[in-house]
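Residue numbering for the sequence shown follows full-length UniProt numbering, starting at 1 and increasing by one per position.
Backbone N, C-alpha and C fix where the C-beta goes; we use that ideal spot for every residue, glycine too.
See below for the structure under consideration.
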Amino acid sequence: MNLKLQWDTKSFDALSNQELYELLRLRNEVFIVEQNCIFPDLDGKDQKCYHLRGMENGNLMAYSRIVPPGISYEYPSIGRILVSPLGRGKMFGIELMEQSITKLEEIYGEAIIRIGAQLYLKRFYESFGFVQSGEIYDEDGIDHIEMTRKNTFVE
């Protein structure tokens with residue numbers, strides 16, 4: 001079943017306390033508890049980023065962090081990409097990536113996007129035009145790769 005989410009994008013300062021709590025709670029649930037990975041999710045980047053939220057009936061179902069150029073990489077980036085366990089199997093991940101790419105390009109107008117992807121999701125990101133641009137590396141006990149997407153209209 002493919003349901004559409006309601007999307008919004010906010011700067012850190014525009015998030016309400018409740019919105020910030022919900023996105024940090026979901027990031028904790030997915031990246032720390034579910035993946036059994038103890039790492040510092042609060043990395044000092046959130047304040048500089050835009051936060052894309054996919055909502056269903058008032059519940060946060062999908063999220064990504066749109067990172068400005070010069071923070072994680074030379075180019076703008078999409079990070080902390082996740083779908084709530086309650087939203088899996090509904091194609092929300094595809095919708096999330098489409099929305100993330102569109103919003104990043106609206107904000108930064110950049111031709112190149114770089115991400116640090118969990119290795120097992122390589123094919124998923126390739127379906128959005130990302131290609132591997134680095135060797136496999138370990139980040140907090142999980143294999144990752146850098147991937148880059150170039151706008152097809154730019155040479």
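* To do: Go to residue 88, then tell me how far its beta strand (DSSP E) extends in each direction, as first and last residue.
  => It is not in any beta strand (DSSP E) - residue 88 carries neither H nor E in the DSSP assignment.
* Would you kindly work out how many angstroms separate the C-alpha atoms of residue 50 and residue 73, rounded to a whole number? => 16 Å
* Asked: Leaving out the 5 sequence neighbours to the left and right, which residues in its chain are closer than 6 Å to residue 149 when beta-carbon positions are compared?
  -> 113, 129, 130
* Is the closest heavy atom of the ligand ZN to the C-beta of residue 43 under 7 Å? -> As far as ligands go, the structure on display features none, and thus does not contain the ligand ZN.
* Asked: Skipping 5 residues on each side, what residues in its chain have a beta carbon closer than 6 Å to that of residue 9?
  -> 50, 52, 103
* Pair within 8 Å by beta-carbon distance, residue 84 and residue 55 -> no
* Can you list the beta strand (DSSP E) stretches of 3 or more residues lying completely in the stretch 37-83, in chain order? -> 50-56, 59-67, 77-83
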